[in-house]
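Working notes, beginning with the structure itself.
In the numbering used here, the protein residues as written are 6 to 259.
Below you can see the structure in the form of structure tokens.
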């Protein structure tokens, strides 16, 4: 588990991932011991041949499974198995409300020149090529505008959005959380769903109860419990009028 996905209260871990594990444990009667990863990164295969982060810990049998905002990627499936996804999501653009006029989609964003826009230089998990003309145009912009990238964390992207005429494109669950708490910001949705990803639990390939965990997640999805957990941690009364479109079918919504 990553420190950024949890917090301590009275000596106990709290957060969406902890609640999800407790729901799974209640269904499966599974006992677990939770510990924070010393690296605090998702990780995966590196060009030097190492496998780091949570993925590396699971691969080396240092832990049975890992839970966090772990995106299911083919490159990671070489080393770990994934559970049934507990969230499905797309990308969106985070931007200040006062400069977001007349931009309501990625297509609008790709056709304008007033605002810079970009993704994280490392860790964006985007495909190298894309069949969409809109996304290809955005890729070309990034290739020719190296300063459009965010070098660092999502939080660094938020700081840049607040300090300049910039649109930060990243995981919609992150942006959704931010705009529910910072009423000066809004999102530009990817209405055509050019990108769709999934979060899931990373598990050892020889783990005996992989199917049991996946079936429990499917059950929680079916009865609406995943959606309730999401509301518990994502929603906020601070910004009463929602300024985003929930377009990426999180938690199995259709």
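Idealized CB from N, CA, C, for every residue including glycine. Quick caveat, the model's predicted, so the values are computed rather than measured.
Among the candidates 50, 101 and 195, whose CA atom is the shortest distance from the CA of residue 115? 195
Cut-off 8 Å between Cβ atoms - residues of its own chain near residue 130, not counting five sequence neighbours on either side: 76, 78 and 202
Can you give me the start and stop residues for the alpha helix (DSSP H) that residue 171 sits inside? Premise fails: residue 171 lies in the beta strand (DSSP E), 171-176, not in any alpha helix (DSSP H).
Of the choices 100, 148 and 74, whose alpha-carbon is the least far from that of residue 94? 74
What does DSSP give as the partner residues of residue 114 in its beta bridges? For residue 114, which the question treats as bridged, DSSP gives no partner whatsoever.
Helix, strand or coil: how does DSSP classify residue 97 here? strand
Runs of alpha helix (DSSP H) wholly within the region 131-199 (minimum 4 residues, chain order): Runs of the alpha helix (DSSP H) lying entirely within the region 131-199 and spanning at least 4 residues, in chain order: 138-149, 159-168 and 177-184.
Mind checking whether residue 58 and residue 44 have CB atoms under 7 Å apart? Less than 7 Å divides the Cβ of residue 58 from the Cβ of residue 44.
Rounded to the nearest angstrom, what separates residue 236 and residue 191 at their Cα positions? 18 Å
Please state whether DSSP places residue 64 in a helix, a strand or coil. helix
Go ahead and pull the three-state DSSP assignment for residue 17. Residue 17: strand per DSSP, three-state reduction.
Answer with buried or exposed for residue 263, where buried requires no fewer than 16 other C-beta atoms within 10 angstroms of its C-beta. Within the shown structure, residues of the chain are numbered from 6 to 259, placing residue 263 beyond reach of any answer.
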